[in-house]
Amino acid sequence: MDRKLVLNAQLAIARGHRVEVTERRDDAADEAVVFAVIDLDTGIRYRRAEDPRGEVSRWLGRVLDCTVMIGGHGAHTVLSVMPDGGGASAKAALRGADAAAEAAKAEADRWGGADRTPEPPAERVW
């Protein structure tokens, strides 16, 4: 699923270019705040003047569409980016992996008979 990034800046990134996006979750507004976008194909870095405070996340993606609004007070850029690997951040991926591991354990317990007592080993005669 692609993500739309609305940036209060004018930056043009060609369709198909790979980008690295650095963002921080703003709990008050319940949205992600983009602090930097790096065009990995050209090496151009676009970033805010202020430094991000708190925990940031980085993800990679490919630009599907770029619209730059020019002139006036409403100048901004809308980037449509397809995240690589489903677009999950590292924390989200770990949460998903933990949930999958727990589900696999529960399924193994259900099919493996972990709730039964094991049979005693047979005596060996030499």
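Residues in the sequence shown are numbered from 170 upward in steps of one, following the working numbering.
The C-beta atom is built at its ideal place from N, Cα and C for all residues, glycine as well.
What residue range does the beta strand (DSSP E) around L229 cover?
Locating residue 229 in the sequence shown gives position 60, counting from the first residue. 225 to 238 is the extent of the beta strand (DSSP E) around L229.
Sort I213, G212, K173 by Cα distance to A201 and report the nearest one.
Numbered from 1 along the sequence shown, position 32 holds the residue referred to as residue 201. Minimum Cα distance to A201 is reached at K173.
How about R222 and T191: are their beta carbons less than 8 Å apart?
Working through the sequence shown from its first residue, we reach residue 222 at position 53. Working through the sequence shown from its first residue, we reach residue 191 at position 22. Cβ distance not < 8 Å, so R222 and T191 don't count as in contact.
Give me the Cα-Cα distance between E245 and E189, rounded to the nearest whole angstrom.
Counted from its first residue, the sequence shown places residue 245 at position 76. Counted from its first residue, the sequence shown places residue 189 at position 20. This sequence places His at residue 245; Glu is not what is there. Using only the alpha carbons, I get a separation of about 19 Å.
Helix, strand or coil for A205, going by three-state DSSP, please let me know.
Along the sequence shown, read from residue 1 onward, the residue named residue 205 stands at position 36. In the structure shown, A205 sits in a strand (DSSP, three-state: E or B).
I need the boundaries of the beta strand (DSSP E) containing M251, first residue and last residue.
As a position in the sequence shown, residue 251 is number 82, starting the count at 1. Here the beta strand (DSSP E) through M251 covers 245 to 252.
Please name the residue or residues paired with D195 in a DSSP beta bridge.
Counted from its first residue, the sequence shown places residue 195 at position 26. Paired residue(s): E200.
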